[in-house]
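K.L.:
Just so we're aligned, residue 78 is where the sequence shown starts under my numbering, counting upward by one.
Note that beta-carbon positions come from the ideal geometry of N, C-alpha and C, so glycine has one too.
Can you read through this structure? Questions will come right after.
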Amino acid sequence: MNSQDTLHPTDTVSEGATLIVDERADRVVVTLRRPEARNAINAAMIAELHQVCDLLERRPRLLLLTGHGGVFAGGADIAELRERGRDEALQGINSRLFQRVRRLPMPTLAAVDGWALGGGAELSYACDLRIAGPDAMFGNPEPGLGILAAAGACWRLPELVGESVAKQVLLAGRRLDAQAALARGLVMDVVPADRLLEAGHAVLDTMARSSAAALRLTKLVTDHPGAHPVADDLAQAVLFEGPDKQDRMTRFLNRSTRGSTT
Numbered sequence: 078m079n080s081q082d083t084l085h086p087t088d089t090v091s092e093g094a095t096l097i098v099d100e101r102a103d104r105v106v107v108t109l110r111r112p113e114a115r116n117a118i119n120a121a122m123i124a125e126l127h128q129v130c131d132l133l134e135r136r137p138r139l140l141l142l143t144g145h146g147g148v149f150a151g152g153a154d155i156a157e158l159r160e161r162g163r164d165e166a167l168q169g170i171n172s173r174l175f176q177r178v179r180r181l182p183m184p185t186l187a188a189v190d191g192w193a194l195g196g197g198a199e200l201s202y203a204c205d206l207r208i209a210g211p212d213a214m215f216g217n218p219e220p221g222l223g224i225l226a227a228a229g230a231c232w233r234l235p236e237l238v239g240e241s242v243a244k245q246v247l248l249a250g251r252r253l254d255a256q257a258a259l260a261r262g263l264v265m266d267v268v269p270a271d272r273l274l275e276a277g278h279a280v281l282d283t284m285a286r287s288s289a290a291a292l293r294l295t296k297l298v299t300d301h302p303g304a305h306p307v308a309d310d311l312a313q314a315v316l317f318e319g320p321d322k323q324d325r326m327t328r329f330l331n332r333s334t335r336g337s338t339t
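Written out as structure tokens, the structure reads:
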């Protein structure tokens, strides 16, 4: 067990039917766990992920999302999908959750090893950032099952990797392995599988050292469609009046002054 996996007195770990949720002071670590189904996303997992969103909306923290057993999520639960009809499609069962994940106040990171297919891929696309293990594989094989990738891939993936590569994945069934995902910017790094969570925590550690208010407002402005300079100005005005900016800049200047006199 490395230092990032060591529980602290304030940590709370809970296990649901499909998730392991590790609450920490500055982050929440969620592990998808349905080993009998390659962590396929079913209704129970959707409900439990909504509970995680409730938690992070009430008390904003960073989110690290990963999968159990060397698999991120092998897709949506096909047995459940087969029974869904028009009414369920119009409810957007998966897409509403993934959009909620996307809109969480603080940054989110998916640590992906093994399969991230179908709904599993779309869940990773909904996160702000992704890192991958060497065996990661992203793909959207939905047309082969007579459906489309309707939980965000048709519009998120072109934004992430470009229209041409997105169509290769969505229409021609191309799967992006870890190196292809890195080359296209879908993931920020590829690390050995046994260091994946450690690397994920390191990314969150870097963000945790930043101002939480600045992270929240940066994400809000970046994600807003049709970004406008006025939005930047308003967000910056809020931050300029906050104590965090004064404290951090004063510490920076004090360090710089000490460094210039030694």
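For residue 124 and residue 228, what's the separation of their Cα atoms in angstroms?
P.N.:
Those two C-alpha atoms are separated by around 16 Å.
K.L.:
Just the Cα atoms here: how many angstroms apart are residue 174 and residue 160?
P.N.:
Between residue 174 and residue 160, the C-alpha separation is close to 19 Å.
K.L.:
Here's the rule I'm using: 16 or more other beta-carbon atoms within 10 Å means buried, otherwise exposed. How should residue 326 be labelled?
P.N.:
So residue 326 counts as exposed.
K.L.:
Kindly indicate the opening and closing residues of the alpha helix (DSSP H) around residue 190.
P.N.:
Residue 190 -> no alpha helix (DSSP H), and no H or E assigned at all.
K.L.:
Secondary structure at residue 120, three-state DSSP: helix, strand or coil?
P.N.:
It is helical.
K.L.:
Quick check on the burial criterion: 16 or more other C-beta atoms within 10 angstroms. Buried or exposed for residue 329?
P.N.:
It counts as exposed.
K.L.:
Just to confirm before moving on: does the CB-CB distance between residue 151 and residue 115 stay below 7 Å?
P.N.:
Contact flag set, yes.
K.L.:
With H, G and I counted as helix, E and B as strand and the rest as coil, what does DSSP make of residue 89?
P.N.:
The answer is strand: DSSP assigns residue 89 an E or B state.
K.L.:
So the alpha helix (DSSP H) residue 199 belongs to, where does it begin and stop?
P.N.:
Start and end: 196-203.
K.L.:
Which whole-angstrom value describes the C-beta separation of residue 153 and residue 196, a residue pair presumed to lie in contact below a C-beta threshold of 8 Å?
P.N.:
With a Cβ gap of about 4 Å, residue 153 and residue 196 count as contacting.
K.L.:
With burial defined as no fewer than 16 other Cβ atoms inside 10 Å of the residue's Cβ, what is the status of residue 209: buried or exposed?
P.N.:
With 16 or more other Cβ atoms within 10 Å, it is buried.
K.L.:
Using DSSP with H/G/I as helix, E/B as strand and the rest coil, what is residue 157?
P.N.:
Three-state DSSP puts residue 157 in a helix.
K.L.:
Using 8 Å as the threshold, is the segment 220-227 in touch with the segment 176-186, meaning 3 or more CB pairs across them?
P.N.:
No: the two stretches stay apart, fewer than three of their Cβ pairs being nearer than 8 Å.
K.L.:
Which partner residues does residue 284 have in the DSSP bridge list?
P.N.:
In DSSP, residue 284 forms no bridge with anything.
K.L.:
How many Å lie between residue 52 and residue 319 at the Cα?
P.N.:
The structure shown does not extend to residue 52, since the chain is modelled only from 78 through 339, so no value can be given for it.
K.L.:
Below 8 Å, how does it come out for the segment 163-173 and the segment 140-148: are there three or more Cβ pairs, yes or no?
P.N.:
Cβ pair count under 8 Å is below three, so no.
K.L.:
Going straight from the alpha carbon of residue 238 to that of residue 261, what length do you get?
P.N.:
Going from the Cα of residue 238 to the Cα of residue 261 covers about 6 Å.
K.L.:
For residue 340, which of 203, 194, 242, 272 has the nearest alpha-carbon?
P.N.:
Not covered by the structure: residue 340. The range shown for the chain is 78 to 339.
K.L.:
Who are residue 129's beta bridge partners in DSSP?
P.N.:
Residue 129 is not bridged to any residue.
K.L.:
Of all the options 103, 99, 285, 189, which has the alpha carbon lying nearest to the alpha carbon of residue 267?
P.N.:
Taking only the C-alpha atoms, the option nearest residue 267 is 189.
K.L.:
Is residue 299 buried or exposed, if buried means 16 or more other CB atoms sit within 10 Å of its CB?
P.N.:
Exposed: under 16 other Cβ atoms inside 10 Å.
K.L.:
What's the C-alpha gap between residue 80 and residue 101?
P.N.:
Because the pLDDT of residue 80 is 39, which lies under 50, any placement of that residue in the model is unreliable, and the question is left without a value.
K.L.:
In the structure shown, what three-state DSSP assignment does residue 228 receive?
P.N.:
It is coil, neither helix nor strand.
K.L.:
Confirm, please, whether the CB-CB distance from residue 265 to residue 206 is below 7 Å.
P.N.:
Going by C-beta atoms, residue 206 is nearer than 7 Å to residue 265.
K.L.:
Given a threshold of 16 other Cβ atoms within 10 Å of its Cβ, counted over all protein chains shown, does residue 332 qualify as buried or as exposed?
P.N.:
Residue 332 comes out exposed.
K.L.:
Starting from residue 99, follow the alpha helix (DSSP H) in both directions and report where the run begins and ends.
P.N.:
That residue, residue 99, is in no alpha helix (DSSP H); its beta strand (DSSP E) goes 96-100.
K.L.:
Thinking just about the alpha-carbon of each residue, which of 136, 146, 309 is nearest to the one in residue 111?
P.N.:
Answer by Cα proximity: 146.
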